[in-house]
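Read the structure below first, then the notes.
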Amino acid sequence: GGWAVTGPTQGTAEQGTSLAVSCGYEPGYELCPKYWCRPGFLWLCFTYIAQTNGSEVTVMQGRVSTGDKHTARSFMVTLRGVTPGDAGWYSCGVRFSLWHTMEAM
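Okay, here's the thing in structure tokens:
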């Protein structure tokens, strides 16, 4: 049993700085797309802030970069230029699989 994705339950960053979050995943999910989102109704993610394509190529989407390291079974999400509007709940997860919820303050 257990979750397919693990990560911090809370993260903090000063305004104008960067917030970096590392999310781990279980064996077998290496080639699946990974994502970061702000969950909505019933904690479901309808829009991804950033997502990988399953490779180890770092993806830049606006102020967010996402990179996956298959051998470490973890992916890093970095939000640059943190603003007060960025406060709230976020989820990192493996697409079409389980998810893990974290709070970014």
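Quick note: the sequence shown uses UniProt numbering, first residue 1, plus one each step. Here a beta-carbon is modelled for each residue, glycine too, at the ideal position from N, C-alpha and C.
Per-residue burial, residue i [other beta carbons within 10 Å of its own, 16 or more giving buried]
{"i": "VAL21", "result": "buried"}
{"i": "SER55", "result": "exposed"}
{"i": "residue 109", "result": "Here the chain has residues from 1 to 105 only, and residue 109 is not among them."}
{"i": "LEU79", "result": "buried"}
Host beta strand (DSSP E) of residue i (start-end)
{"i": "SER74", "result": "74-79"}
{"i": "LEU19", "result": "19-25"}
{"i": "TYR35", "result": "34-37"}
heavy atom of the ligand HEM below 8 Å from residue i C-beta
{"i": "PHE41", "result": "This structure simply doesn't include the ligand HEM, nor any ligand for that matter."}
Under the three-state DSSP convention, the category residue i falls into
{"i": "LEU44", "result": "coil"}
{"i": "GLY62", "result": "coil"}
{"i": "GLY93", "result": "strand"}
{"i": "GLY28", "result": "coil"}
{"i": "GLY16", "result": "coil"}
Beta-carbon spacing of residue i, residue j below 9 Å
{"i": "LEU19", "j": "GLY7", "result": "no"}
{"i": "THR66", "j": "THR52", "result": "yes"}
**Message:** Under 8 Å, with one C-beta from each stretch per pair, do the segment 30-47 and the segment 79-95 reach the 3-pair mark?
**Reply:** Verdict: yes, contact present.
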